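These notes concern the structure reproduced below.
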Amino acid sequence: MTTALICIALLGLLVFGLGFATSSKRRKTETLTGSSDDPTDALHKLVRAHGNTTEYAPMMAILILALGSMSPDFWMLCCMGVATASRYAVAAGLILSSSMNEAHPLRFIGALGTYLSGFGLVTAVLLSI
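The letter at position 85 of the sequence shown is residue 83 when you use this note's numbering, and the numbering goes up by one with no holes.
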């Protein structure tokens, strides 16, 4: 359960950390709502990184919690770690890219890892029934 709890805490840290960073940038730029559509705008990138994270992290946390409560096999623990690291990679790729219109290796690796580990987590839960 330790691995599961660490991964869940890290996913929570990512969600709330990106939320705080977005709010801080809004305050600094005096932007109460919305953001520019400019793909190079820092606020726009933060908003997208936070939004993208909140689309995937909750379900991953639920799957990880379910698996963590069932004495998961080593490969399942690996899926938990890859899922968590992948979400950080996607967020970093979105924020660090010079433009959202340009491909960034972290974004690609993170997205691929998200899908593969996500399907792995779903499969692991189904196999545990």
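Cβ coordinates follow ideal geometry from the N, Cα and C atoms, glycine included.
Note that the coordinates shown come from a computational prediction; the quantities given were computed from them, not determined experimentally.
Proximity to residue i [Cα-Cα], best of the options
i, options, result
"tyrosine 113", "Ala101, Arg85, Ser96", "Arg85"
"phenylalanine 18", "Thr31, Leu30, His48", "His48"
"leucine 9", "Phe117, Thr27, Glu53", "Glu53"
"isoleucine 127", "Met68, Met78, Ala83", "Met68"
"proline 70", "Gly116, Val123, Ser21", "Val123"
"glycine 79", "Arg25, Asp35, Ser115", "Ser115"
"asparagine 50", "Glu100, Leu16, Gly118", "Leu16"
"leucine 119", "Arg25, Ala101, Gly66", "Gly66"
Beta-carbon gap between residue i and residue j smaller than 8 Å
i, j, result
"threonine 131", "leucine 61", "With the chain covering -1 to 127 only, the question about residue 131 has no answer from this structure."
"lysine 23", "leucine 3", "no"
"leucine 134", "alanine 89", "The structure shown does not extend to residue 134, since the chain is modelled only from -1 to 127, so the question has no answer here."
"methionine -1", "arginine 46", "no"
The alpha helix (DSSP H) enclosing residue i, as first and last residue numbers
i, result
"methionine 74", "72 to 94"
"glutamate 28", "Glutamate 28 -> no alpha helix (DSSP H), and no H or E assigned at all."
"methionine 58", "40 to 66"
"alanine 109", "103 to 125"
Do the segment 30 to 47 and the segment 90 to 101 make contact, defined as three or more Cβ pairs closer than 8 Å?
Under the Cβ criterion (8 Å, minimum of three pairs), the segment 30 to 47 counts as touching the segment 90 to 101.
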